[in-house]
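Here the sequence shown is numbered in the numbering used here, starting from 1230 and rising by one per residue.
By construction, the Cβ of each residue, glycine as well, lies at the ideal position given by its N, Cα and C atoms.
Please read all numbers here as calculations on a predicted model, not as lab measurements.
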Amino acid sequence: MRLSQYFLPTLKENPAEAKIASHRLMLRAGLVRQTGSGLYIWLPLGLRVLKKIENIVREEQDRSGAQEILMPTIQNADLWKESGRYEAYGKEMLRITDRHGKEMLYGPTNEEMITDLFRNNVQSYKDLPKNLYHIQWKFRDEVRPRYGVMRGREFLMKDNYSFDIDKEAAKISYDKMFVAYLKTFARLGLVAIPVRADTGAIGGELSHEFQILAAEGESTIYYDKAIESFDLKSLAEDISPDIIQKLQSIYAVEEEKHDADNCPVAKENLRIAKGVEAGHIFNFGTKYSEVMNAKVSGSDGSMIAVEMGSYGIGVSRLVGAIIEASNDENGIIWPEAAAPYKVGLINLGAKNEECTEACDALYKKMQAAGIEVLYDDRKAGAGQKFATMDLIGVPYQIILGPRGLKNNSAEFKIRKTGEKTEINLDEIVSKFI
Ligand code: P5A
C-alpha cells in the first residue's frame, strides 16, 4: 500500500478524551474513529489488525477441533425468556421490537441460541462431543463504555460452546479450550495469566479469565510468582496435562476474590498487577440444558441433559490490549503476528527521481514476493515520515535515501529496539521471506 493513497487520518496531538495509551494510539495512528458512545468505525489500518487477530484466534479454534458457524447478531427474546435470562440480564441488553411487535434483542452472548440449535439437531450421545464457535459482533449497553475498543458497547467476540455427555468429558473440553487460549495469546506475543474467576451472568462453577498484564489494565490481579516460571509467551506445541493442572491450580485471582488474611501464598511470593481481561471460559454444567431441555439419549436409552461450557475471547478488545502491552513514547510496537504490515518502506528522496525509481522498484519487488509492505511515498519531510512510521508501529522499516542509493544500500530499522543497520538493496527481499 502506498501511503500517499491510503486512508490514514493520523493525529499529531493526543485526543483529550483518551485516557489510556492504547486508546490514544488507536486514534492517533488512524486505526479507529468513534461514531457514538462505545461505537467505533474500523479504518483500513485498524481493520487489518483486527482481521489478523481474528485469524489467529480462528486457526487455534480450528486446531482444537472446534467448528466454525455464524449466528446472527439479532436474537428472539423467546429463547431468553425460556432460560430465565431475559429479565436477569437487565439494562445491559439492547432490546428491540420488530414491525410485528415481536420482542428481539441484539445478542450480548449466544448460550440460548446455540442451546436451541443443539436441541433441535442432536439427539444421541453418539454425536457428542461437539464444540461450535463463531466470531460475531455483540452488543452490551455498558454502564460506562470507556478506553476505546477495550470496553465498547458493540465489540467483536469469538465465542464457542461445548456439549458433552458427562462432567468428565466436559472437563476435557474445558482443558482443550484452556490450551487453545494459551496458544492463541502466546502467538500474539502476549503474557496472559489464567485467573480463577466468578461466573457472573453466564453462570456455572468452573471459570478462568485470561488477564494480559498491562500497566493501565482495568483489573487488579493477585498471583503466585510461580506462574512466571511457565514462560507463557513462548509456549511449546504440546502442553501436557500436568502443565494444565499446574496452571489451573496456581493461585491467581482478581482483587475482589483475594483475601489477604487467608491467602495461601507467602507474602514475598505474591505479585499484584494490573491486567486486561482478554478471554473468559466457563464450565456451567447443565444450567442451560436443563431449563431449555437440551437432552440426548444415553447408551441405556435414558435422556441426559448435556454438560455445557462457553468460551469467549474479546477479539476487538485484543487490539487495544496488545497496544497497551507494547508501546513506547513514539507509538505502537506491533508483534509481528498482529502487525498491519510487516515492513514500512520510507522513501527519503521523494523529490529525487532516481531515489523514487529505486524505491518504487523495491516496493514492487517486495509486493511480488508476498511481503506486506506499507510504502511511504509521500512528498513529505524525513522527520514526518519517521514519526508516522514509528507511530503506526510496523515491526521493520527500510529507509532509502539518495545517499544510501549511491552505495546500493538502505537503512534497516527494528521498531522495537530502535536498532539500525545497513542493508544491501539486493538482500532486502530475502530478509523478509
Ligand atoms: C463466554 C463466551 C461470555 O460472554 N459467553 C460466550 C461467555 N463471557 S464474557 O466474559 O462476558 O465475555 C467474553 C470476552 O469478551 C470481551 N468483552 C468485551 N470486549 C470489549 N468490550 C466489551 N464491553 C466487552 N465485554 C466483554 C472480554 O475479552 C471477555 O473476556
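- Query: Going by the beta-carbon positions, is the gap between D1393 and P1358 smaller than 8 Å?
  - Reply: Along the sequence shown, one-based indexing puts residue 1393 at 164. Along the sequence shown, one-based indexing puts residue 1358 at 129. A Cβ-Cβ contact shorter than 8 Å links D1393 with P1358.
- How is the beta strand (DSSP E) around Q1352 delimited, first residue to last? On the sequence shown, residue 1352 is found 123 positions in, with the first residue counted as 1. No beta strand (DSSP E) contains Q1352, which DSSP labels as neither H nor E.
- Query: With 16 other CB atoms within 10 Å as the buried threshold, where does S1518 fall?
  - Reply: Here residue 1518 refers to the residue found at position 289 of the sequence shown. With 16 or more other Cβ atoms within 10 Å, it is buried.
- Message: Assuming F1236 is part of the alpha helix (DSSP H), what are its boundary residues?
- Response: As a working mapping, residue 1236 is identified with position 7 in the sequence shown. Segment: none, F1236 is in no alpha helix (DSSP H) and carries neither H nor E.
- Item | Cβ separation of M1379 and G1549, assumed to be a contact under 8 Å, to the nearest whole Å | If you number the sequence shown from 1, residue 1379 lands on position 150. If you number the sequence shown from 1, residue 1549 lands on position 320. 4 Å between Cβ atoms; contact.
- Task: May I ask you to list the residues that DSSP assigns as paired with F1384?
- Result: Residue 1384 sits at position 155 when you count from the first residue of the sequence shown. Paired residue(s): K1367.
- Query: So which of R1262, A1295, E1340, I1298 has the shortest CA-CA distance to Q1304?
  - Reply: Translated into the one-based positions of the sequence shown, residue 1304 becomes position 75. Of R1262, A1295, E1340, I1298, the residue nearest in Cα terms is E1340.
- Query: How big is the Cα-Cα spacing for V1408 and I1510?
  - Reply: To locate residue 1408, count along the sequence shown from 1; it is residue 179. To locate residue 1510, count along the sequence shown from 1; it is residue 281. I1510 has its alpha-carbon roughly 11 Å from the corresponding atom of V1408.
- Message: Below 8 Å on the Cβ atoms is my contact criterion, and I expect K1503 with E1445 to pass it. Report the Cβ-Cβ distance as a whole number of Å.
- Response: Within the sequence shown, numbered from 1, the residue matching residue 1503 stands at position 274. Within the sequence shown, numbered from 1, the residue matching residue 1445 stands at position 216. The pair is a contact, with the Cβ atoms about 7 Å apart (cut-off 8 Å).
- Query: Does the beta-carbon of I1285 have 16 or more other beta-carbons within 10 angstroms, so that it is buried, or is it exposed?
  - Reply: Your numbering for residue 1285 matches position 56 in the sequence shown. Answer is buried; the Cβ neighbour count reaches 16.
- Touch test, the region 1315-1326 against the region 1345-1357, Cβ-Cβ under 8 Å, three pairs minimum: At 8 Å Cβ cutoff, the stretches do not touch.
- Task: Give a yes or no on whether the C-beta atoms belonging to R1644 and V1623 are separated by under 8 Å.
- Result: The residue given as residue 1644 occupies position 415 in the sequence shown. The residue given as residue 1623 occupies position 394 in the sequence shown. Contact flag set, yes.
- Task: With a threshold of 7 Å, establish whether the CB of F1661 neighbours any heavy atom of the ligand P5A.
- Result: Here residue 1661 refers to the residue found at position 432 when the sequence shown is read from its first residue. False, no ligand heavy atom lies under 7 Å from that Cβ.
- Item | Check: S1251 C-beta below 7 Å from any heavy atom of the ligand P5A | Here residue 1251 is taken as the residue at index 22 of the sequence shown, counted from 1. Outside the cutoff, so no.
- Is it true that the CB of G1508 sits closer than 8 Å to the CB of Y1410? Within the sequence shown, the letter at position 181 stands for residue 1410. Within the sequence shown, the letter at position 279 stands for residue 1508. The answer is yes: Cβ separation under 8 Å.
- Query: Mind checking whether the beta-carbon of S1545 lies closer than 7 Å to any heavy atom of the ligand P5A?
  - Reply: Walking along the sequence shown from the start, residue 1545 turns up at place 316. Taking 7 Å as the cut-off, the C-beta of S1545 counts as close to a heavy atom of the ligand P5A.
- Proximal residues to A1295 (C-beta, below 6 Å), its chain only, five neighbours per side dropped: One-based indexing of the sequence shown puts residue 1295 at position 66. Correct list, in chain order: N1360, Y1362, N1389.
- Query: Hey, I1662 and L1591: beta-carbon distance below 8 Å or not?
  - Reply: What you label residue 1662 is simply residue 433 of the sequence shown in a count that begins at 1. What you label residue 1591 is simply residue 362 of the sequence shown in a count that begins at 1. No, these two residues do not count as a Cβ contact at 8 Å.
- Starting from the C-beta of L1279, find all residues in its chain whose C-beta is less than 8 Å away, skip the five residues before and the five after it, and write them out in chain order. Residue 1279 sits at position 50 when you count from the first residue of the sequence shown. Excluding sequence neighbours, L1279 sits near W1271, L1385, V1544, S1545, V1548.
- Go ahead and label P1374 buried or exposed: buried means 16 or more other beta carbons lie within 10 angstroms of its beta carbon, across all protein chains shown. For the purposes of this step, residue 1374 is taken as the residue at position 145 of the sequence shown. Result: buried.
- Message: What ranges does the alpha helix (DSSP H) occupy inside the region 1244-1330, keeping only unbroken runs of at least 4 residues that lie completely in it?
- Response: Listed in chain order, the complete alpha helix (DSSP H) runs (minimum 4 residues) inside the region 1244-1330 are 1250-1257, 1273-1293, 1306-1312, 1314-1317.
- Item | Limits of the unbroken alpha helix (DSSP H) element including P1631 | Within the sequence shown, residue 1631 is the residue found at index 402, counting from 1. Note, P1631: alpha helix (DSSP H), 1631-1635.
- Rounded C-alpha distance that separates K1614 from L1276: In the sequence shown, counting from the first residue as 1, residue 1614 sits at position 385. In the sequence shown, counting from the first residue as 1, residue 1276 sits at position 47. Their backbone Cα atoms lie some 22 Å apart in a straight line.
- Query: Which of the three DSSP states, helix, strand or coil, is assigned to K1503?
  - Reply: Along the sequence shown, one-based indexing puts residue 1503 at 274. For K1503, the three-state secondary structure derived from DSSP is strand.
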